[in-house]
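If you count the sequence shown from 1, you need to add 732 to reach the numbering used here. Idealized CB from N, CA, C, for every residue including glycine.
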Amino acid sequence: RELPADISILSAEELSVVSARNPDDVLRSLEGLSVARSYGMGYGIPSQINIRGVPGQHRSLLLADGFPLDDASSGFLSVNEIPVGAIRQAEVVRGPFSALYGSDALSGVINLLTPEPGTGPLAEAVAGAGNGGYVDGHVSSSGSEGGVTYWLYMDRRKIDNYVARDYVFESRWDPALGQYQEIRRPADNYEYEDTRLLGKMAMDVGLAGSKGISRLSCRASRKRRDRRIDHIPSCLTLSRRALALSNLPEV
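Here it is as structure tokens:
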């Protein structure tokens, strides 16, 4: 069945030529999407993404390989948990699709696809550097062994000053004046580093007359900001399909 929809698809080739450090930098360039991120890559609050001007949380659905990345309580979109280099395709569907994807898909759906196990180069290593003590690099590997296919990706980034300024402003309460005062101070201890690890494995379960796949997907990240561990999210999902595809009715 086909449904009319406003869709944008970015391939791996298109993503490779975009000057972006985070996936939300890529999404910002698409028509109808508004992305708000208060600071650079080290800010603790996830990005706020509005599709077609629909504000508020729980209005846009973010998926990674079909699994939701929306925070269940706040609705924030943790789009930058997936490194740009690990995305093989980015898909954006604009418009209300709650009937297909649930209540969070009121304004649209964003789906970030990572490489399938056993695809891509056997081994790859990339490194880069920039201003402010910025360094990054990633290594990836894909292949098969004993009937099991896999894809692994590790990414590490570090910057000495993620606010990219020599000073910052802080609001402090002044009891004498009975109001908050803006205080300017040097931007010290605003270093940031993180490590992100993603992986997939798949194997044929070998059921007679069927194509069965058991797939294990894992995503984890470790972040440090202001010289302390700031956030350690992790995700482990297991999906298993064992369907006699030849016997399925046609739609």
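As computed with DSSP, Leu765 is found in a beta bridge with Ile783. Bounds of the alpha helix (DSSP H) holding Ser748 are 744–748. With contacts defined as CB atoms closer than 7 Å, Ile783 and Ser839 qualify as a contacting pair. Partner residues in the beta bridge of His870, as assigned by DSSP, are Val858, Asp887.
Leaving aside the five residues that flank Arg760 on each side, the residues in its chain whose CB is nearer than 7 Å to its CB run, in chain order, Val767.
Just so you know, the alpha carbons of Gly864 and Glu925 end up roughly 13 Å apart.
The Cβ-Cβ distance between Asn893 and Tyr922 falls below 7 Å.
Comparing alpha carbon positions, the residue from Glu813, Arg826, Asp802 closest to Leu765 is Arg826.
Excluding its 5 nearest sequence neighbours in each direction, Leu762 has C-beta neighbours in its own chain below 7 Å: Ser740, Val824, listed in chain order.
Taken atom to atom, the span from the alpha-carbon of Arg769 to that of Asp887 is near 21 Å.
A straight-line Cα-Cα distance of about 52 Å links Asn843 and Ala908. DSSP places Asp906 in the strand class (E or B) of the three-state scheme. Of the residues assessed, Trp905 falls on the exposed side of the cut-off, its CB having fewer than 16 other CB atoms within 10 angstroms. For Leu795, the three-state secondary structure derived from DSSP is strand.
DSSP places Leu832 in the uninterrupted alpha helix (DSSP H) bounded by 830–833. With the rule of 3 Cβ pairs closer than 8 Å, the region 852–859 counts as touching the region 868–878. Following the DSSP letters along the chain, one finds Leu845 inside the beta strand (DSSP E) bounded by residues 840–845. With a cutoff of 7 Å on beta-carbon distance, Ile814 and Pro755 are scored as near each other. Excluding residues up to 5 positions away in sequence, Glu914, Arg916 lie with their Cβ nearer than 6 Å to the Cβ of Phe901 in the same chain.
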